[in-house]
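Visitor:
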Amino acid sequence: MWLVLAGRCPLPSWLTRPYVNGRLSVIPEEDLRLSEKEIAQLYLSWGVQLPRNLLEKRIIPLVEGNPLGARLLAVEMSQGSSYTEELLNDLTRKFYEYLNQAIYSEWPEEIREMMMQLSLLEHFTIQQAEEMTGRSDVNRLLAQAAETGNLFSIKDGGYTLRPAVINSMKLRMETVCDRVRKNELLRRAGTICEKEGNIPRALKLYQDGQCEKEIHALLIDNARRYPGGGYYYELTPAYLALPEEEVRSSPDLIAAWSMLYSLALNATESERWYAVLQEYAAGHPDPEEHRLAESWLVYLDISLPHRGSTNLIEVLDEAARKIQTERLVMPEFSVTGGQPSVINGSKDFCDWTRDDQTMAFQLEKHVGEVLGPYSKGLVSIGLAESLFEKGGNIYKVLELANRGLMETMNGGKFELQFVGAALVARVYLVTGHPGDSVKTLEEIETRAQQRGVRRVVRNVRAMQSRIKLWQGRVEDAVRWMENEPQNETHFNVLERYCYNTFARVYMAQQRYDKAAQILMRLRSYANMEKRPWLQMEGDLLESIIRYRTGNPLWKTELTQVLRRAESYHFVRLFCREGAALLPLLQELGCPEGVDEAYWQEVLGKTRAMAEAYPLYLSTNAPAALPGAVQLSERALQVLRLQDRGLTRSEIARQLQLSERSVKYQCEQAYHKLGTSNKVEALAAARKLNLLN
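One gets this note's numbering by counting positions in the sequence shown from 1 and adding 691 to each.
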């Protein structure tokens, strides 16, 4: 005889002892979920034929293996209804209504009320739950809720509600709360998210709750952050939705609009709003408002991207004078914008590298006064990067970089620490120590995550993926790219380092059309904003694509890049492309108009990188070798699981990959085996004893 206990909650504490002693077996929820194959069979048993694409992309993620959720659609369609998104949305709502009526109605009222309020947060800590509910006994209620049902997961002290609970409780809120109470709950949730730094989520909650005062304050607070550290791009629709009269009444918002238009590559509108700010400063009778507007004008003089860096020394001199005479307070500023570079940071400073020592001397006079903590380490790290890019002495580069890092740690800013660490990682890479590069970047990524500096985190990961490309680990770089948000219709200038990395990953996959499309946007942006570094880098990668696709214009393009780069004596620009660029340089020879000594230095350092990293963007890399049967370990895992009858979604769950990654592995394996589908690939793999 077996005693079976069924419940929606985790194992109760009073059953822990028999479980530990082996007298009790537990069947976890995951084992009871319907698999993708079982869901498809369920629909077939009801006479319902659904396209595989629809099942994989809409039904299965929504149902989450729940038989009841799958059955609702099956019953409806078996009775003659045709599938539409409206039908699916209606049935989804009915499912959540069922959970409220049949299951959640049995909970104690205080737990239902707490869960309804917390559903607006979705993820929360005990402190946030207390703030949201206004209760001091949240710990007790959550412990009681844990025994009531499987409502949330707990990780690192944080709680995450189940999607079914979130959606059911939000539905309950619609029926039990009037508009005034619902708006108050949304305002409270928005405040918590804003404190946490989740600004886009906070804005959405404020908008849903019609919290005009909070929206205004949030937009002003975000405007006071530098673009790379704030949410300018994500909040652009909210800024532009503000009435123009409201914007004209606030110097913070006027400055934000000027910066937004500059980031959107609309210099004309940016300058128009700059002029509005000048009028505001000139005509406002309040001394404090006048000073605030003047501070923003100085900030925009220095930081507007479209203005470039040509007259920046003069601008800094004037800024220092105004700060002294008018007691101006500078808004938050960053030279790097969260990029791993000073030369190619918030602005392009290529021209400064031609006479970097003189520029450094002039900068040091006023940079501390104008930039405050953002100046610490700037000159040392900038000089180190300039020397590195010119192929200078590695030990001198490290000396300057580490001096700058020490300066940033004495009250400086983390974004410059990132640049210094990224430069050290590059030095390790070119000296043949990629493991040390990886370790350096892992350390800076951990610190960036702890500080919540999301732009730095993204760019660190992009840099790590470039190292994987140098090592020939294309599949790892592809996996990173697949998990990064990509918007094919909008160009976000703040993501340019990631865009450049995407282009390289596509080149490693031999998807030259995709790489060229990204480079077209980057080169157009570089040309509009007068950014020589980005222009040269884009032209260089484009010449490699043209070479590989048989376009003879690669010679002209590469020659032009060499001539332009020589004027700065940039060497690393070329050598970091190593094995991908070496064949072009060897075939081209030293072009007319390029100094022979410079050419030999470029060729020698490029050859050294090619020898150290022969698989970089190579058509012979394991994940790009056409027709080869030397499959990666991951591809072999996928093939073997396919041979056992598992579907792509089942393989993704088992290997903890995205389905896009599994699909990519399949396509690569089919290509290397010289086959076009799964059946042919498995047959070929068996002949080669790859499935044993």
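Every residue, glycine too, gets a C-beta built ideally from N, C-alpha and C.
Among S961, A908, W1043 and L968, which one has its Cα closest to the Cα of Y1259?
Guide: Nearest of S961, A908, W1043 and L968 to Y1259, Cα basis: W1043.
Visitor: Looking only at its own chain, which residues have a Cβ that is under 6 Å from the Cβ of K846, when we skip the five neighbours before and after it?
Guide: Closer than 6 Å at the Cβ level, and outside the excluded window around K846, lies no residue.
Visitor: By the 10 Å Cβ neighbour count, where 16 or more other Cβ atoms means buried, how is T1027 classified, buried or exposed?
Guide: Per the 10 Å Cβ criterion, buried.
Visitor: Are the C-beta of W737 and some C-beta of chain B separated by less than 8 Å?
Guide: Chain labels in this structure do not include chain B; a single protein chain is all it has.
Visitor: Would you list the one or two residues that DSSP bridges to T1044?
Guide: According to DSSP, T1044 bridges with nothing at all.
Visitor: Please name the residue in A1010, V1353, S772 and E865 whose C-alpha comes closest to that of L1330.
Guide: The candidate whose alpha carbon is nearest that of L1330 is V1353.
Visitor: Considering only residues of the same chain and omitting the five flanking positions on each side of L778, which have a CB-CB separation below 7 Å?
Guide: Result list for L778: E767 and S772, in chain order.
Visitor: Pick helix, strand or coil for S1025, following the three-state DSSP scheme.
Guide: Of the three classes helix, strand and coil, the one that applies to S1025 here is coil, per DSSP.
Visitor: Which residue spans inside the segment 1251–1282 form an unbroken alpha helix (DSSP H) run of at least 4?
Guide: Whole alpha helix (DSSP H) segments, 4+ residues: 1263–1266 and 1269–1279.
Visitor: Does the contact criterion of 3 or more C-beta pairs under 8 Å hold for the segment 909–916 versus the segment 930–947?
Guide: The segment 909–916, when compared against the segment 930–947, does touch it at the 8 Å Cβ threshold.
Visitor: Whole angstroms are fine: how far does the CA of K904 sit from the CA of V871?
Guide: V871 and K904: Cα-Cα distance of roughly 15 Å.
Visitor: Excluding the 5 residues preceding and the 5 following D1127 in the sequence, name in chain order all residues of the same chain whose CB lies nearer than 6 Å to its CB.
Guide: The answer, listed in chain order, is Y1119.
Visitor: Where does R1202 land, buried or exposed, given buried means 16+ other C-beta within 10 angstroms?
Guide: Exposed, by the Cβ-count rule.
Visitor: Tell me the rounded alpha-carbon separation between V1184 and L1019.
Guide: The straight-line gap from Cα to Cα measures roughly 29 Å.
Visitor: Whole angstroms is fine: what's the gap from L988's alpha carbon to G1036's?
Guide: Looking at the two C-alpha atoms, the distance is approximately 21 Å.
Visitor: To the nearest angstrom, how far is it from the Cα of E1324 to the Cα of L1382?
Guide: Each residue's Cα considered, the two are about 11 Å apart.
Visitor: Output the residue ranges of the alpha helix (DSSP H) runs that lie fully inside the segment 841–871 and measure 4 residues or longer, sorted by chain position.
Guide: If we require 4 residues or more, the alpha helix (DSSP H) runs fully inside the segment 841–871 come out as 854–867.
Visitor: Grab me the residues of L636's own chain with a C-beta within less than 6 Å of its C-beta, minus the 5 sequence neighbours each way, in chain order.
Guide: Outside the displayed span of the chain (692 to 1383) sits residue 636, for which this structure offers no information.
Visitor: To test your reading of the DSSP string, which unbroken alpha helix (DSSP H) runs of 4 or more residues are found completely within the segment 964–1029?
Guide: The qualifying runs are 978–994 and 1003–1017.
Visitor: Does P1317 pass the burial test, meaning 16 or more other C-beta atoms within 10 Å, or should it be called exposed?
Guide: Model confidence at P1317 stands at a pLDDT of 37, short of 50, so the residue's coordinates are unreliable; what they give is reported in the following sentence. Exposed, since its Cβ has fewer than 16 Cβ neighbours within 10 Å.
Visitor: I need the straight-line Cα distance from T1297 to L1272, nearest angstrom please.
Guide: Distance between the alpha carbons of T1297 and L1272 is about 8 Å.
Visitor: Restricting to Cα atoms, I'd like to know which of T839, E788 and Q819 is closest to E801.
Guide: It is T839.
Visitor: By Cβ distance below 6 Å, which residues in the same chain neighbour Y1188 in space, the five residues on each side in sequence not counted?
Guide: Counting only Cβ-Cβ distances below 6 Å, and skipping sequence neighbours, we find Q1030, N1150 and A1153.
Visitor: Out of I1085, G1082, Q1108 and N1084, state which residue places its alpha-carbon closest to the alpha-carbon of V1070.
Guide: Comparing Cα-Cα distances from V1070 to each of I1085, G1082, Q1108 and N1084, the minimum goes to Q1108.
Visitor: If you compare alpha carbons, which of K1067, P996 and E729 is closest to F1040?
Guide: Closest option to F1040, Cα to Cα, is P996.
Visitor: For A1314, which residues in the same chain have their Cβ closer than 7 Å to its Cβ, ignoring the five residues on either side in sequence?
Guide: The pLDDT assigned to A1314 is 49, lower than 50, so where the model puts this residue is not dependable; a value taken from the coordinates is nonetheless given after this. Here the set comprises V1165, E1166, S1323 and Q1359.
Visitor: Report yes or no: do the segment 877–897 and the segment 799–817 share at least 3 C-beta pairs separated by less than 8 Å?
Guide: Touching, per the Cβ criterion.
Visitor: Buried or exposed: which applies to K785, given that a residue is buried once 16 or more other Cβ atoms fall within 10 Å of its Cβ?
Guide: By the neighbour-count rule (16 or more Cβ atoms within 10 Å), K785 is not buried but exposed.
Visitor: Would you decide whether E925 is buried or exposed? Buried here means 16 or more other CB atoms lie within 10 Å of its CB.
Guide: Counting Cβ neighbours within 10 Å, E925 comes out exposed, since fewer than 16 surround it.
Visitor: Whose CA, out of K1221, L1276 and E1133, lies closest to the CA of T1001?
Guide: When only C-alpha atoms are compared, the closest one is K1221.
Visitor: If I measure Cβ to Cβ from A765 and keep anything under 7 Å in the same chain, skipping five residues before and after, which residues do I get?
Guide: Hits under 7 Å: L733, Y734, W737 and V739.
Visitor: What did DSSP end up calling G1318 once you bin it into helix, strand or coil?
Guide: Confidence at G1318 is low in this model, with a pLDDT of 40, below 50, so its placement is unreliable and the value that follows should be read with caution. G1318 falls in the coil class under three-state DSSP.
Visitor: Go to Q1359, then tell me how far its alpha helix (DSSP H) extends in each direction, as first and last residue.
Guide: Counting along the chain, the alpha helix (DSSP H) containing Q1359 begins and ends at E1350 to K1363.
Visitor: Per DSSP, which residues does H814 bridge with? Please list them.
Guide: DSSP lists T851 as partners of H814.
Visitor: Going by C-alpha to C-alpha distance, which of E979, E1248 and Q1200 sits closest to R1214?
Guide: When only C-alpha atoms are compared, the closest one is E1248.
Visitor: V1148 and V1033 - do their beta-carbons sit closer together than 8 Å?
Guide: Cβ atoms of V1033 and V1148: not closer than 8 Å.
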